[in-house]
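What follows is a single structure, written as structure tokens, with notes after it.
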Ligand code: ASP
């Protein structure tokens, strides 16, 4: 079979958490995720590279105010939005990203620009300078809903450790993992963070712990960033595949280890053979995929179903 004729694959997520707030919430999340999966899949079918398809998917998810990335990001303890995003090109095994950037519409575009630069991960001030150099217009990603939620938290004297967005007790970081028609893998992850965190806190989303790929597998994480970092989760799964485990085995082993340490996280992944997998230690992960035949999602998975495997 020529590499040109490979079947592209996509899996995306919009975060994870305890439970979806209500049925209407679930239907709306499903419609949003599935619509975006279809668009990313269509672009891969039309010949888009893995990297371009990931950027497109992240952009669409960042622009969907329901999710906690780009427009609709949660506010930090001081009432400001600071976003983080990264892009990893599995073919080049190259990560780029921004940490705690403000006033841009699509943090993933900055990660894209940084792929070709010498300094590939920039934090707040440097990321703002890059946006200015690129003449990216300033943009306020704040939505009325997020402001109201933050004001409510303030009334309650910030009794919660983090913001609640889609799923109870959790946010809605986004992630995209794809395999293109030439067998290349890319991954992107973008977040507004946990919400209510102290200024300067760094998310996992622009680290190899939260977003990692090589030529064999790619993984994007969501959940408590500190737990994802402690497990170095995304890189852990990819390295296990590199050392010979199947993607499902690598995910299962890594999730079980995380459960044994009471970590609160979830991840989506795919490999170069087109296998698609998700895993979670929490109740729900908001994931949707296109396997070349159909679109499916993880929204109805049982609480104790900690892994989903869609073989390629
Ligand atoms: N992992 C993100 C963070 O800790 C939050 C999330 O995925 O919900 O910044």
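Numbering (this note's numbering), first residue to last: 943 to 1254. The beta-carbon is built from N, C-alpha and C at its ideal position, and this holds for glycine as well.
In the structure shown, the three-state DSSP call for residue 1032 is coil. Closest option to residue 995, judged by alpha-carbon separation, among 1015, 972, 1029: 1029. The shortest CA-to-CA distance from residue 1253 to any of 1094, 1220, 1226, 1228 is the one to 1220.
A distance below 6 angstroms between beta-carbons, with the five flanking residues on each side excluded, links residue 1062 to the following residues of its chain, in chain order: 1038, 1056. The shortest CA-to-CA distance from residue 1040 to any of 1217, 1005, 1009, 1025 is the one to 1025.
Looking at the backbone, the Cα of residue 973 and that of residue 1240 are separated by about 13 angstroms. Distances from the CB of residue 1222 to the heavy atoms of ligand 1 are all 7 angstroms or more. Within the same chain, Cβ atoms closer than 7 angstroms to the Cβ of residue 1080 are found at 1045, the five residues on either side in sequence being excluded. Taking all protein chains shown into account, residue 1016 has 16 or more neighbouring C-beta atoms within 10 Å of its C-beta and is therefore buried. Of the residues 1089, 1149, 1226, the one whose Cα lies closest to the Cα of residue 1020 is 1089.
Among the bridge pairs identified by DSSP, residue 1252 is matched with 1218.
For residue 1212, the uninterrupted beta strand (DSSP E) run begins and ends at 1207-1213, by DSSP.
The Cβ atoms of residue 1052 and residue 1077 do not sit closer than 8 angstroms to each other. Taking all protein chains in view, the Cβ of residue 989 is surrounded by fewer than 16 other Cβ atoms within 10 Å, so the residue is classified as exposed. For residue 1047, the secondary structure class from DSSP, reduced to helix, strand or coil, is coil. Residue 1117 is bridged by DSSP to 955, 1131. DSSP, reduced to helix, strand and coil, places residue 1164 within a strand of the structure shown. By the criterion of at least three beta-carbon pairs nearer than 8 angstroms, the stretch 1193-1207 is in contact with the stretch 1216-1232.
Residue 958 and residue 1060 have their alpha carbons spaced roughly 34 angstroms apart. Straight-line spacing of the CA atoms in residue 1251 and residue 992 works out to 21 angstroms. Taking the C-beta atoms as reference points, residue 1143 is found nearer than 8 angstroms to residue 1135. Counted as a single uninterrupted DSSP element, the alpha helix (DSSP H) harbouring residue 1200 occupies residues 1189-1202. By the Cβ neighbour-count rule, residue 1087 is exposed, with fewer than 16 other Cβ atoms within 10 Å of its own.
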